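Chemist: What follows is a single structure, and I will ask about it in a moment.
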Amino acid sequence: MNDMTATPIAEASSLETDVIIIGAGPIGLFAVFELGLLDLKCHLVDILDRPGGQCTELYPEKPIYDIPGIPVLTGQELTDRLLTQIKPFHAQFHFGEMAAALTKLADGRWQLSTDAGTNLVAPVVVIAAGGGSFVPKRPPIAGIEAYEGKSVFYAVRKMEQLRGRDVLIAGGGDSALDWTINLAPIAKRLTLVHHRDGFRAAQHSVNRMRELVNEGRIDFHVASVKALHGEDGQLEAVTLASADKKEWQQSANAFLPFFGLTIKLGPIANFGLNLHENLIPVDTAKFESTTPGIFAIGDINSYAGKLKLILSGFHEAALMAQAAFHICRPNEKLRFQYTTSSSSLQKKLGVA
Ligand SMILES: Cc1cc2nc3c(=O)[nH]c(=O)nc-3n(C[C@H](O)[C@H](O)[C@H](O)COP(=O)(O)OP(=O)(O)OC[C@H]3O[C@@H](n4cnc5c(N)ncnc54)[C@H](O)[C@@H]3O)c2cc1C
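Plus 11 on top of the position in the sequence shown (first one is 1) and you've got our numbering.
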């Protein structure tokens with residue numbers, strides 16, 4: 012769609028704010044700080060179930076050496092520190108939700124709708140979506156699409172949905188192991204399958220999983236899922252195959268494949284923005300896209316000389332915030348202030 016052609020009024024259940032931020036990666040998080048200093052309130056949407064974007068999803072334990080003033084810290088530590096820094100501003104997070112559609116309202120504001128049915132309304136939208144949204148890798152099993160969302164799930168949004176079910180989990184990383192451990196007490200039966208008897212997950216999770224197997228509370232097979240059997244999207248059984256090509260059927264009515272994530276631009280491609288090679292061109296004074304009120308910061312934007320570095324995104328967030336202020340508070344003057352010397356900024360930060 013290009014929902015921008017529509018001019019409806021906001022949904023009655025909409026949550027109103029100053030700025031909607033798509034993406035809670037490092038740049039979306041720092042944007043909360045810069046906007047917060049100017050008294051602008053934010054709601055953030057991220058398809059992941061936690062903040063940090065690439066830093067926590069792709070390299071939580073890798074050291075980063077080029078954050079100014081901090082000689083070394085990991086992706087997770089940077090995220091934790093950013094969360095501490097933005098605490099005074101009470102941003103609202105909508106995790107596990109995909110920013111799905113953007114609509115221009117008759118009053119000039121924007122309505123962002125998520126795939127979970129949340130509607131956010133604000134005069135400014137900041138796209139800090141990095142390379143796009145992390146989407147689960149679909150295993151190559153014929154006909155799996157028909158079961159997705161009904162009995163095949165790539166994420167666990169509500170554990171209760173799986174209570175009393177015959178659950179099969181596939182994968183060897185942290186998600187597969189964490190959900191094996193968490194769902195074991197509530198599933199009727201839980202089976203973990205992985206193509207080898209070695210795991211990429213945290214050692215303590217692997218140890219706990221093996222304890223559960225030894226206690227007879229779950230089953231583990233070195234095997235892969237070859238076929239799904241069921242009707243109308245409701246899984247009844249699966250065909251498993253061992254490394255030596257032996258096949259057998261086993262009952263299962265919920266299947267959770269955890270084979271990692273890939274990055275796709277996703278619905279942002281349909282927001283009606285002027286994209287260039289899946290990036291959003293911006294001006295370098297405000298980091299606004301060619302659509303007024305829509306800004307793009309961090310890895311998602313493009314301009315002459317762009318460097319996909321965290322420090323570049325931080326700079327972009329600061330300039331974006333100044334421009335966003337004038338849209339959100341058209342009748343107010345903006346005074347440039349330093350956090351070191353402004354008592355009003357220090358009050359906002361809770362340090363004065
Ligand atoms: C292995 C590795 C090492 C790196 N090392 C460094 C380094 O040492 N120094 C450095 O400066 N940079 C480094 N980088 C790059 C750095 O991680 C990125 O520049 C940075 O993460 C960009 O931040 P961002 O907030 O723009 O995007 P991201 O971190 O990609 O976050 C974007 C967020 O938006 C969400 N999102 C996207 N689309 C949607 C949607 N439609 N709905 C909901 N949510 C959505 C995503 O789920 C994601 O959480 C490294 C990158 C990698 C992969």
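Glycine included, every Cβ here is placed at the ideal spot set by N, Cα and C.
All figures in this text were calculated on a predicted structure; none of them were measured in a lab.
Enumerated in chain order, which unbroken segments of the alpha helix (DSSP H) with a length of 4 residues or greater are wholly contained in the segment 47-81?
Modeler: Whole alpha helix (DSSP H) segments, 4+ residues: 65-68.
Chemist: Is it buried or exposed, residue 190, if we count other Cβ atoms within 10 angstroms and call 16 or more buried?
Modeler: Residue 190 should be labelled buried.
Chemist: Spatial neighbours of residue 125 within its chain, please: CB distance less than 7 Å, with the 5 preceding and 5 following residues excluded, ordered by chain position.
Modeler: Same-chain partners within the cutoff: 56, 105, 108, 109, 110 and 111.
Chemist: Please name the residue or residues paired with residue 236 in a DSSP beta bridge.
Modeler: According to DSSP, residue 236 bridges with 251.
Chemist: Taking 7 Å as the cut-off, does the CB of residue 319 come closer than this to any heavy atom belonging to ligand 1?
Modeler: True, at least one ligand heavy atom lies under 7 Å from that Cβ.
Chemist: Compute the beta-carbon to beta-carbon distance between residue 249 and residue 236, rounded to the nearest angstrom, for a pair I have assumed lies under 8 Å.
Modeler: Sure, about 5 Å apart at Cβ, within 8 Å.
Chemist: Relative to ligand 1, is the shortest distance from any of its heavy atoms to the C-beta of residue 136 smaller than 7 Å?
Modeler: Checking the Cβ of residue 136 against ligand 1 gives no.
Chemist: Cα separation between residue 240 and residue 155?
Modeler: Residue 240 and residue 155: Cα-Cα distance of roughly 10 Å.
Chemist: Could you tell me whether the Cβ atoms of residue 266 and residue 162 are closer together than 8 Å?
Modeler: Yes, Cβ-Cβ distance for residue 266 and residue 162 is below 8 Å.
Chemist: Quick check: what's the CA-CA separation for residue 134 versus residue 334?
Modeler: In a straight line, the C-alpha of residue 134 is about 12 Å away from that of residue 334.
Chemist: Anyone know if the C-beta pair for residue 38 and residue 139 falls short of 8 Å?
Modeler: Yes, Cβ-Cβ distance for residue 38 and residue 139 is below 8 Å.
Chemist: Verify the contact flag: residue 116, CB atom, against every heavy atom of ligand 1, threshold strictly below 7 Å.
Modeler: Flag unset: Cβ of residue 116 not near ligand 1.
Chemist: Check residue 362 in the structure and name its three-state DSSP category.
Modeler: Coil at residue 362, not helix or strand.
Chemist: If you check the beta carbons only, do residue 67 and residue 87 fall under 8 Å apart?
Modeler: Against a cut-off of 8 Å, the Cβ pair of residue 87 and residue 67 comes out as a contact.
Chemist: Compare the Cα-Cα distances from residue 430 to each of 251, 293 and 21 and report the closest residue.
Modeler: Because the chain is modelled from 12 through 363, residue 430 falls outside the range shown and cannot be assessed.
Chemist: Going by CA-CA distance only, name the one from 219, 64 and 209 that's closest to residue 142.
Modeler: The shortest Cα separation from residue 142 among 219, 64 and 209 belongs to 64.
Chemist: State the Cα-Cα distance for the pair residue 192 and residue 213, rounded to the nearest angstrom.
Modeler: Each residue's Cα considered, the two are about 12 Å apart.
Chemist: Pick from 132, 296, 128 and 42: whose alpha carbon is nearest that of residue 117?
Modeler: Closest by alpha carbon: 132.
Chemist: For residue 40, tell me which candidate among 28, 54, 29 and 50 has the shortest Cα-Cα distance.
Modeler: Looking at the Cα atoms, 54 is the closest of the given residues.
Chemist: Hey, is residue 66 close to ligand 2, as in C-beta under 7 Å from one of its heavy atoms?
Modeler: Ligand 2 is not part of this structure, which contains only ligand 1.
Chemist: Kindly examine ligand 1 and report whether one of its heavy atoms sits closer than 7 Å to the Cβ of residue 144.
Modeler: The answer is yes for residue 144.
Chemist: Could you pull out every unbroken alpha helix (DSSP H) segment of at least 4 residues lying fully inside the segment 74-118, listed in chain order?
Modeler: As far as the segment 74-118 is concerned, its whole alpha helix (DSSP H) runs of at least 4 residues are 86-97.
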